[in-house]
Structures are given as C-alpha cells and as structure tokens.
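**Q**
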Amino acid sequence: MTDLFTPFYQQIASNRLAHWLQTLPAQLAHWQKDALHGDFHRWQKVLAQLPETSVSQIELSDTIRFGLADAIDEGQRKRIEYLLRQLMPWRKGPFNIHGIQIDTEWRSDWKWHRLQPHIQSLKHRFVLDVGCGSGYHLWRMREAEADFVVGIDPSQLFYSQFEAIKHFNPDPKVHLLPIGCDDLPELQAFDTVFSMGVLYHRRSPLEFLQQLKMQLRPGGELVLETLVVEGDEHTVLVPGERYAKMRNVWFIPSCAALCHWLKRLGFKNPRVVDCSHTSVQEQRATAWMENESLIDFLDPNDHSKTIEGYPAPLRAVIVAER
Ligand SMILES: Nc1ncnc2c1ncn2[C@@H]1O[C@H](C[S@+](CC[C@H]([NH3+])C(=O)[O-])CC(=O)[O-])[C@@H](O)[C@H]1O
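Quick note: this note's numbering has the sequence shown finishing at residue 1772, numbered continuously throughout.
Take a look at the structure:
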C-alpha cells in the first residue's frame, strides 16, 4: 500500500506536506489493517487480476477513456468486463476501458460542465478534491492541466474503483488517498480545493468548511458543490431521518445562507455560479448500477418533491477565495 504512494511523496515540496507524508504511512497501515477482510479483500483480489494491456489511447474528456477496443482480444475483453463488474455499483463516471463503456449512475460530466467555466484555470496547480468518489473529477482536473491532483475519500469501494481505472493509466500525478477529511492535517498547501456532494453529509458544516479553508494556501480557490434549498440567509433545512431516502443528510442551506457562512469564516467573495435541479437523466439506474436511483427517491406524483415531501434535489456550485 505505502509503495503506491511513493510517486506522491516525491512530488511534494512544501514542509507541511512533507511532515504529513511522514505520518501518512502509519495512518494508511492502520486503515489497511481494518480493511483487510470482507468486500475490500475481494475487491483487492479483483484489482490483482486485471491484465496488463497496451494502452495507446488516453482520452480525458466527458468519458474518461483508456485503451482502444481493438488492442485486446475477445477473451481479454470478457475478462476485464467481468472483473470491473465485480466492483459494482459504479456511481460516478462515465469511464471507458478498451471499449467497455462503464455507464455509471451519475453523469458526473454534467456537474463538471456546470462548474468548469467559472473556476480559475487549473493549469500548473496543486489540487485537492475532498470526497472525490471514484475519482472521475480527478481525471477532469488533470485534463485541465493541473500539475498534481489528489482526492480523498474513505469509501473502500470508490478507492478500489479508482485503482481499477488507474491500472490502465498509472499517471503519477493523480492520486486517491483512502482517508476522510478528519484525517487530513491543515496543509494550507493547495491552490484549489474542491468539495462536491459532501457538505450535507457533515454534522458540523461550518467546521467542515473551516477544514477546507485550512487545506488552501492563502489566496487559493474553494469550489464547493452541495444540495441547497430556496430561501434567504436564515433558511436551512435539517431533514428528518431521511432525505431522498439518504440517511446521513444533515444541513441543506439556501445559497444565501451558505454564502453567509463562508463570509463568517473569512472566505473572500463567495458567489453562486450555478444552481440546478438534478434531473432523472443525470442520476439514474444503469447496467452498472442496478439499485434504486433518483426516480425512486422522488414523489411519484410530483417530481418537485422527494418521497418524504421535501423540496427535490437542487444543487449549487459556490466559488470563493481564502
Ligand atoms: N469524512 C469524509 N471525508 C471525505 N469524503 C467523505 C467523507 N464522508 C463521506 N465522504 C465521501 O463523500 C462522497 C459524497 S458523493 C460525491 C462524489 C463526488 N465528489 C461527486 O461530486 O460526484 C455524493 C453523495 O454520496 O451524496 C462519497 O464518495 C463519500 O464516500
């Protein structure tokens, strides 16, 4: 495990990062010890069985595409598809590996299109994505010529999916660390910090925003995407047990409230650059994610409401500087 991160260590210049990296192996060893059983063990075996192939095509665009279809024979194609299916459900994508299209639950490319015109150029930047899922957006950040991209996400399945994709393009400048935001020291080192789809899962949203701030270098840019509700700066929805069937949803502020929070925490110039309802075309069940999806989370008679009667998912992108 530690060896996986050797290229990561080598590219780190800042002292704070260097210090963190000294403690990281112990953190990861602890994580690995906890994780070495059950599903994760099975997923690790899947990764070990992925064949080495010749990858002459690397396309970082709406579909992250590694390897041409005709670079592998039919037997290899079936084998790779079988192995990738062992890592279902695939939620964030789409990806295409040697012609095998991984049609994920989410069209994560749509989210990228909503925010991309509004953020500072990522060229030559150090970028962190907190709660990066399977890492789809990490590849988009690399497409945008970021110098170094690291995502963190504690999900063992997302980590395994990321490693499966990276197997076909082992770019030393793109990393996913299997840790949560509470495990990250205050690095104050990144030029841009993304956090998309995580804030509403946090019990203490202001503390979380402060954690994001302390990952940025002074002047760095925060790109935040989260569920919001309509309302003024005093409006925040704290749903009951479930919101759109999700159990772990805590705070859904209005855009005005969120900008107010960011200002209170000392972020500069917070602004809403996009606010859109999630459609059942953007989030849906597919052959690679066969469970329930957005259509099942909405009131069947009124798609403007969730099944619990709350406003249907509305997502905003907010940009601010430290
Ligand atoms: N403490 C934590 N620290 C870091 N990540 C966490 C934590 N807790 C949960 N997560 C991770 O946050 C991600 C949220 S999903 C957004 C994915 C991507 N960003 C997207 O915009 O498509 C949206 C959703 O599940 O509603 C999951 O991958 C969790 O594992």
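Where is the CB? At the ideal position from N, CA and C, for every residue including glycine.
Every value quoted in this text rests on a predicted model; they were computed, and no experiment measured them.
Quick one: measure Cβ to Cβ for Leu1666 and Val1643, integer angstroms, because I've assumed they're closer than 8 Å.
**A** 5 Å between Cβ atoms; contact.
**Q** For Phe1612, tell me which candidate among Gln1526, Leu1534 and Cys1725 has the shortest Cα-Cα distance.
**A** Among Gln1526, Leu1534 and Cys1725, the Cα nearest to that of Phe1612 belongs to Leu1534.
**Q** DSSP state of Leu1672, grouped into three classes?
**A** Here Leu1672 sits in strand by DSSP.
**Q** Identify every residue that forms a DSSP beta bridge with Thr1554.
**A** Beta-bridge pairing links Thr1554 to no other residue.
**Q** Taking 7 Å as the limit between beta carbons, can you name the residues of its chain near Asn1741, skipping five residues before and five after?
**A** So the list reads Pro1539 and Ala1735, once near-sequence residues are dropped.
**Q** Report the CB separation of Lys1561 from Glu1675 in whole angstroms; it is logged as a contact under 8 Å.
**A** The pair is a contact, with the Cβ atoms about 7 Å apart (cut-off 8 Å).
**Q** Three-state secondary structure (DSSP) at Glu1595?
**A** Here Glu1595 sits in coil by DSSP.
**Q** Identify the continuous alpha helix (DSSP H) that holds Lys1623 and give its terminal residues.
**A** Lys1623 -> no alpha helix (DSSP H), and no H or E assigned at all.
**Q** With three or more beta-carbon pairs closer than 8 Å as the criterion, would you say the stretch 1566-1577 touches the stretch 1498-1516?
**A** No: fewer than three Cβ pairs fall under 8 Å.
**Q** Is the stretch 1523-1534 touching the stretch 1711-1731, taking contact as three or more C-beta pairs under 8 Å?
**A** Not touching, per the Cβ criterion.
**Q** As an exercise, report each continuous alpha helix (DSSP H) stretch of at least 4 residues that is fully enclosed by the stretch 1519-1578, in chain order.
**A** You should have 1524-1535 and 1558-1565.
**Q** Comparing C-alpha positions only, which one of Gln1606, Ile1602 and Val1580 sits nearest to Gly1488?
**A** Of the listed residues, the one whose Cα sits closest to Gly1488 is Gln1606.
**Q** Please list the terminal residues of the continuous beta strand (DSSP E) segment that includes Met1720.
**A** According to the sequence displayed, residue 1720 carries Pro and not Met. Residues Lys1718 to His1727.
**Q** Give the straight-line distance between the Cα atoms of Glu1732 and His1753, rounded to the nearest whole angstrom.
**A** Glu1732 and His1753: Cα-Cα distance of roughly 14 Å.
**Q** Check Glu1680 in the structure and name its three-state DSSP category.
**A** Looking at Glu1680 - three-state DSSP - the assignment turns out to be coil, as it is neither helix nor strand.
**Q** Examine ligand 1 and report whether any of its heavy atoms sits within less than 7 Å of the Cβ of Met1664.
**A** No, the beta carbon of Met1664 sits no closer than 7 Å to any heavy atom of ligand 1.
**Q** By the three-class DSSP mapping on this structure, what secondary structure does Asp1603 have?
**A** Three-state result, Asp1603: coil.
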